[in-house]
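Below: the structure, in structure tokens.
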Amino acid sequence: MKHKSKVVALQPASPAKAAVALPPPLVAAMFGEAGVALRAGRPETISATLGPAVTRFRALARKLPFEREPGLFPVPVAELLKNRKKKKARA
Amino acid sequence: MSQDPALLGLVEAARAVAQGKLTAQALTEACLARVEAWQPRLNAFIRLEAEAAIKAAKAADRARKRGVKGGPLAGVPLAHKDMYYRAGRETSCGSAIRRHWKATETATALQRLDAAGALDLGRLNMAEFAFGPTGHNYHYGHARNPWNTDRITGGSSSGSAAAVAARLVFGALGSDTGGSIRQPAHFCGLVGMKPTWGRVSRAACMPLSYSLDTVGPLTRRVEDSALLLNLLAGADPRDPTASMAPVEDYLRAARSGAVRGLKLAVPRRYFWDKLNKPSAALLEQALGVFAKFGVRIIEMTPPDMDAITAAANVIVSAEAAALHGNWLRTRPNLYSDQVRARLENGLALSAIDYIDAQRWRSDAITGFLKAMNGADAVFAPVGDRPAPTIEETDVAGRPEAGKTIAALTRLTRPINYLGLPAMTVPAGFVRGGLPVGFQLIGRPFGEALLYRLAGAFEMKVPAHERVPV
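Heads up: the sequence lines are chains X and U, in that order. Under this note's numbering, the first residue of the first sequence is numbered 3, with each subsequent residue one higher. Under this note's numbering, the first residue of the second sequence is numbered 1175, with each subsequent residue one higher.
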């Protein structure tokens, strides 16, 4: 049985938003800063392909709490330690 | 032994050598005979090291005759993706840039397999710098799927999947940054284990994205995979990110068959959205098998997987661009179009994007684990369909490349961002003889439980008994 996704699509409502996230001149400038040769059309392509994902991600990142630190497993590790303590207590 | 010894499973082959029913030399020669027959059709190997392997096999046989007890893989031929460094040997990473580069140290993963007595038949094909999900390689030739050589193997562990599926070796190391073990395993009918991030040392392996890279095995059977992970997993002073968490007995778990009462969550939303009908039918059958075992099947609503994928893309793009920055400046023409374009993407990202993608990780994983609703593992498709053709996915650096790559990795890439263990298990074959697999996604360091489920399933559905011809 096929279920229709209710997940919000990755693309922003308008292509203009993508350009806001990664405008081609900014992309070109970052290539320049990295010292990497820029091929014709690349800033526009990157802006169009990566821009929407970055826009989507930045919207999400704005909701991150101030104190949140980078990390992968703080919650599961805490769970693991808690379970170990429980086991020890039972033993 | 009447059967071609190369058709045995890895554990079976190791047992036959240990018991003296087969010599390591006979086993190696059987594999080499298959390499000779299949290599022109598959292009699985970048470099075959037949002489060295025979020499090592003879040494293993002599040692056994002297009464020296071999390791758990004594005399068993393996081969690995050409990104695992071996001191003094060329490691191309599937690239033109490193075509004749010689490593100065040996990967911990290889050291552990060597210590167990495994033989190494050579270097296997792979996507250039492990940055491609199809198996295309414009420098060394495309790898081909043994079940239908017009089809892709998947990538980036393309040669590993082709070689193991065609019975050229008993197992191979792959690596998984966005699905590069699980997806070729799905396309080639194999068991592919992507362990929890940090479960297996990445020391002296070619990096693509530190935060997402994982090392794991591709095999034909579940117990073979479990044995290899038993040997590979564990802390390593050479890799500070390798976890100190205790290693469970995966082989025992794979053989236990004890799955009654476990809970499997099925995320139909997102994961089933684009699944083709024949694959969906096979997966329903697989769920039925688990249900008959007494596994409780529950539905789950996954969090926003597109957002997770976007965050994963930010990390892989930024880290890969940083790693390749120097070559992008000095030797950009040596990259294939697609890899160069994908690496360049990372140059456009800001430090803030990257750090935020790292900061969001714990929230994302907490959200996913919560969505599992108390289940022990998640059951999901690996790909939307069986292996597509080499031709239709030959997009190189064309504008549609991004879409093709995204479509092939949409069900695997998010799991790398979450750092969770996930393994592909063969579900069977669809019309046309193409294999289809499903993935079992576990909780952090929950590999043993995945092996329990996969091992029980394989007892009922032994897809490995079918051999490509």
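Virtual Cβ for every residue (Gly too), placed ideally from N, Cα, C.
Asked: Lys1577 of chain U: first and last residue of the uninterrupted alpha helix (DSSP H) it sits in; Found: Ala1575 to Thr1583
Asked: Outcome for Leu66 of chain X when other beta-carbon atoms lying within 10 angstroms are tallied against a minimum of 16; Found: exposed
Asked: Whole alpha helix (DSSP H) elements within the stretch 1446–1471 of chain U, 4-residue minimum; Found: 1451–1466
Asked: Pro1600 of chain U beta carbon less than 8 Å from that of Leu1364 of chain U; Found: yes
Asked: Residue burial classification, Met1257 of chain U (beta-carbon count within 10 angstroms, cutoff 16); Found: buried
Asked: Simplified DSSP state of Gln1199 of chain U, which is helix, strand or coil; Found: helix
Asked: Inter-residue CB distance, Leu1347 of chain U and Pro1381 of chain U (contact presumed, cutoff 8 Å); Found: About 15 Å separates the two Cβ atoms, so there is no contact after all.
Asked: Residue ranges of each beta strand (DSSP E) within the stretch 1232–1278 of chain U, 3 or longer; Found: 1251–1255
Asked: Length-filtered (3 minimum) beta strand (DSSP E) runs lying within the stretch 1279–1315 of chain U; Found: 1293–1298
Asked: Unbroken alpha helix (DSSP H) run spanning Arg1221 of chain U, endpoints; Found: No alpha helix (DSSP H) holds Arg1221 of chain U; the beta strand (DSSP E) holding it covers Phe1219 to Leu1222.
Asked: Chain U contact for Val29 of chain X (CB, 8 Å cutoff); Found: yes
Asked: Closer than 7 Å at the beta carbon, the chain U residues around Arg92 of chain X; Found: Going along chain U, no residue has its Cβ under 7 Å from Arg92 of chain X, so there is no contact; the nearest lies around 18 Å.
Asked: Met1367 of chain U to Leu24 of chain X span [Cα, whole Å]; Found: 36 Å
Asked: 7 Å CB neighbourhood of Gly1548 of chain U in its chain, flanking five on each side removed; Found: Lys1437
Asked: Residues of its chain near Thr1483 of chain U, where Cβ-Cβ distance is below 6 Å and the 5 sequence neighbours each way are ignored; Found: Arg1587 and Pro1588
Asked: Beta-ladder partner(s) of Ala1407 of chain U, from DSSP; Found: U:Val1374
Asked: Members of the stretch 1368–1380 of chain U that neighbour chain X once the beta carbon cut-off is set at 9 Å; Found: Thr1370, Trp1371 and Gly1372
Asked: Under 8 Å between C-beta atoms of Ala1231 of chain U and Leu1293 of chain U; Found: yes
Asked: Contact set between Asp1527 of chain U and chain X, taken where Cβ atoms lie within less than 8 Å; Found: Val56, Phe59, Arg60 and Ala63
Asked: Range covered by the beta strand (DSSP E) that runs through Leu24 of chain X; Found: Neither: Leu24 of chain X is in no beta strand (DSSP E) and is coded neither H nor E.
Asked: Under the three-state DSSP convention, the category Pro67 of chain X falls into; Found: coil
Asked: Closer than 7 Å at the beta carbon, the chain U residues around Ala1 of chain X; Found: Residue 1 of chain X cannot be examined here, being either before or after the span of chain X that is shown, 3 to 93.
Asked: Contacts around Tyr1234 of chain U, its chain only, beta-carbon distance under 6 Å, and the 5 residues preceding and following it disregarded; Found: Reading off the sequence shown, one finds Ala at residue 1234 of chain U, where the question assumed Tyr. Excluding positions up to five away in sequence, the list reads Ala1198, Ala1248 and Gly1249.
Asked: C-beta neighbour in chain U for Lys87 of chain X, strict 8 Å; Found: no
Asked: As assigned by DSSP and simplified to three states, the class of Phe1612 of chain U; Found: strand
Asked: Under 7 Å from the C-beta of Asp1530 of chain U: neighbouring residues of chain X; Found: Ala63 and Leu66
Asked: Residue burial classification, Ala1570 of chain U (beta-carbon count within 10 angstroms, cutoff 16); Found: exposed
Asked: Endpoints, the alpha helix (DSSP H) within which Thr1540 of chain U is located; Found: Arg1535 to Ala1545
Asked: Chain-ordered neighbours of Ala1485 of chain U on chain X, where CB pairs are closer than 8 Å; Found: Phe59 and Leu62
Asked: Candidates U:Arg1503, U:Ala1554 and U:Ile1271, of which the one nearest Gly34 of chain X by Cα; Found: U:Arg1503
Asked: Three-state secondary structure assigned by DSSP to Ala93 of chain X; Found: coil
Asked: Proximity test, Cβ basis, 8 Å: Ala36 of chain X and chain U; Found: yes
Asked: Where Leu1521 of chain U sits in the DSSP three-state scheme; Found: helix
Asked: Burial state of Phe1612 of chain U, where buried means 16 or more other Cβ atoms lie within 10 Å; Found: buried
Asked: Top-ranked residue by Cα proximity to Leu1181 of chain U, from U:Gly1372, U:Val1343, U:Lys1276 and U:Ile1228; Found: U:Val1343
Asked: Beta-carbon gap between Val1646 of chain U and Leu1401 of chain U smaller than 8 Å; Found: Chain U is shown from 1175 up to 1643; residue 1646 of chain U falls before or after that span and cannot be answered.
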